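My numbering numbers the first residue of the sequence shown as 50 and each following residue consecutively. Ideal placement from N, C-alpha and C gives every residue a C-beta, glycine not left out. A quick note: this is a predicted structure, and the numbers were derived from the prediction, not measured.
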Amino acid sequence: MNFKSTKMMSLMASCLIAVSAQVASAETVLRLAENQPETNPVTVAMHRFSDLVAEYSNGEVTVKVYSGAQLGQETETIEQTQAGIIDMARVNSVPLANMTPSVGAFTLPYIFRDATHKYAVLDGDIGNDVRAEMAQAGLIGFDFMEAGSRSFYTREGSPVSSLDDLKGLKIRVQNSPISIRMVELLGGVPTPMNYGEVFSSLQTGVIDGAENDFVSFLTSGHYEVAKNYVVDGHLSPPALIVMNKAKFDSLPADQQQAISRAAREAALFERELMFAANDEAKATVMAAGVTVSPIDNGPFQAAVLPIYDEFPHLSSYIARIKAVK
């Protein structure tokens with residue numbers, strides 16, 4: 050072998066070593082959209098998820114969390130994730146049901162008897178089947194998280210102490226056929242709008258009220274302009290992280306496992322955090338002058354019963370959910 054050949058092979062070997070080192074140090078960066086502010090427990094959990102992904106992937110995968118709706122509200126970020134414009138989004142199941150109809154079963158009023166029943170459903174075969182159906186919409190759904198129990202809150206001058214008080218009130222709801230129909234059955238006027246528009250709409254009287262859990266009621270500042278909160282607990286829809294399926298499938302198996310493991314642990318962490326945070330948020334808004342009123346929700350449950358027959362594509366899931374002990 051002559052000198053030139055030896056030199057050429059040496060150069061090639063050096064290039065291969067450099068390329069290999071570059072590949073070995075390559076980092077997968079995933080963008081995750083979150084519409085809640087940094088103070089919300091679910092955002093805290095998303096940062097925990099990011100840390101766990103980095104740990105379990107040995108630094109090969111980085112999840113960057115964009116909180117406060119920097120990348121859009123939930124309906125927008127679901128569409129962006131589905132299209133592959135962003136990689137991941139933490140979303141509530143209510144807007145997600147527009148993409149994956151079976152998720153709607155979890156957004157029906159009073160579908161869960163209590164938290165124990167809820168997670169027996171979500172962590173079991175029913176939850177797995179629903180998440181499997183998300184793949185048909187191009188989304189990977191990870192473990193379900195707690196999004197609180199939603200109740201109605203209204204502006205001063207429009208307190209709700211009974212079902213009759215809801216009649217004619219303009220109530221903001223998420224843009225979901227089930228949520229819209231629920232408010233109609235309760236006698237209100239459903240008013241779909243993006244989450245980011247709710248504060249100013251309450252402040253100016255464009256709407257009379259809205260509905261959410263205590264944590265979002267607090268961290269959104271809605272308690273400043275809606276001083277009446279009635280604890281009817283009509284919805285308890287879970288949240289979850291969704292990921293673009295093509296992006297997930299393109300990753301090596303070890304990175305997929307790291308992300309799935311981190312999502313599971315972050316979901317369990319978030320549930321406990323959210324339960325405790327709702328109790329604290331309730332005390333905080335009461336101290337700030339909000340009237341929090343317990344209510345007999347029996348009339349509410351009776352009024353929304355027709356909804357269970359109006360979405361026949363959910364009938365099998367409804368029966369399965371009711372059968373879970």
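Check whether the Cβ atoms of residue i and residue j sit closer than 8 Å, and answer yes or no.
i, j, result
"valine 91", "methionine 194", "yes"
"proline 343", "valine 280", "yes"
"isoleucine 227", "proline 239", "no"
"leucine 322", "valine 93", "yes"
"serine 225", "alanine 288", "no"
"glycine 121", "glutamine 129", "yes"
"glycine 254", "arginine 204", "yes"
"serine 200", "tyrosine 278", "yes"
"arginine 313", "tyrosine 105", "no"
"alanine 181", "asparagine 141", "no"
"alanine 315", "phenylalanine 98", "yes"
"arginine 139", "isoleucine 308", "no"
Between the alpha carbons of residue i and residue j, how many angstroms are there, rounded?
i, j, result
"threonine 77", "serine 299", "11 Å"
"glycine 176", "valine 152", "9 Å"
"lysine 276", "lysine 374", "37 Å"
"isoleucine 367", "valine 222", "22 Å"
"glutamine 306", "alanine 325", "29 Å"
"proline 260", "aspartate 213", "According to the sequence shown, residue 260 is glutamate rather than proline. Spanning the two alpha carbons is a distance of roughly 17 Å."
"alanine 103", "aspartate 303", "12 Å"
"methionine 335", "aspartate 328", "11 Å"
"phenylalanine 360", "glycine 108", "45 Å"
"valine 198", "histidine 283", "One detail in the question is off: residue 198 reads as serine in this sequence, not valine. Approximately 7 Å between the Cα atoms of the pair."
"aspartate 257", "valine 339", "15 Å"
"isoleucine 370", "phenylalanine 297", "29 Å"
"serine 249", "valine 274", "9 Å"
"tyrosine 202", "proline 348", "18 Å"
"glutamate 87", "threonine 165", "28 Å"
"glycine 270", "alanine 332", "15 Å"
"lysine 219", "aspartate 163", "28 Å"
Excluding the 5 residues flanking residue i on each side, which residues of the same chain have their C-beta closer than 6 Å to its C-beta?
i, result
"valine 72", "Its pLDDT being 38, under 50, valine 72 is placed unreliably in this model, and the value from its coordinates should be taken loosely. Contacts found: none."
"methionine 50", "A caution first: methionine 50 carries a pLDDT of 48, below 50, which makes its placement in the model too unreliable to give a value."
"phenylalanine 49", "Within the shown structure, residues of the chain are numbered from 50 to 374, placing residue 49 beyond reach of any answer."
"asparagine 89", "Thr268"
"valine 341", "Tyr278, Met335"
"valine 112", "Leu79, Leu81, Ser99, Val102"
"valine 170", "Ile370, Val373"
Given residue i, which residues of its chain have a CB within under 7 Å of its CB, disregarding the five upstream and five downstream residues?
i, result
"lysine 294", "Ala184, Gly187, Leu188, Ile189"
"leucine 234", "Ala352, Val353, Pro355, Ile356"
"valine 143", "Thr156, Gln223, Ser225, Ser228, Pro286"
"glutamate 319", "Pro90, Val91, Ala94, Met194, Glu195"
Looking only at its chain, what residues have a beta carbon closer than 8 Å to the beta carbon of residue i, apart from the 5 residues adjacent to it on each side?
i, result
"glycine 173", "Val373"
"valine 179", "Thr149, Ser151, Val152, Ala154, Phe155, Gly190, Tyr366"
"glutamate 96", "In the sequence as presented, glutamate is not what sits at residue 96; that position holds histidine. So the qualifying residues of the chain are Val114."
"valine 247", "Arg221, Ile256, Ala259, Ser269, His271"
Answer yes if the segment 233-244 comes into contact with the segment 120-138, meaning at least three C-beta pairs across the two stretches below 8 Å, and no otherwise.
-> In short, these stretches touch, since the Cβ pair count reaches three.
Between the segment 263-273 and the segment 135-154, do three or more beta carbon pairs fall short of 8 Å?
-> Touching, no, given that fewer than three Cβ pairs across the two stretches are closer than 8 Å.
Is the segment 348-356 in contact with the segment 156-171, if contact means three or more CB pairs nearer than 8 Å?
-> Verdict: yes, contact present.
Three or more C-beta pairs closer than 8 Å, one from the segment 103-117 and one from the segment 78-85: is that the case here?
-> Three or more beta-carbon pairs separated by less than 8 Å link the segment 103-117 to the segment 78-85, which places the two stretches in contact.
Whole runs of the alpha helix (DSSP H) within the segment 308-373, excluding any shorter than 4 residues = Look at the segment 308-373 and you find these whole runs of alpha helix (DSSP H), each 4 residues long or longer: 347-353, 364-372.
What are the complete alpha helix (DSSP H) segments, minimum 4 residues, inside the segment 112-155?
-> Whole alpha helix (DSSP H) segments, 4+ residues: 123-132, 142-145.
In the segment 225-256, which residue ranges form an unbroken alpha helix (DSSP H) of at least 4 residues, counting only runs that do not cross its ends?
-> Counting only runs of 4 or more, we get 226-234, 247-253.
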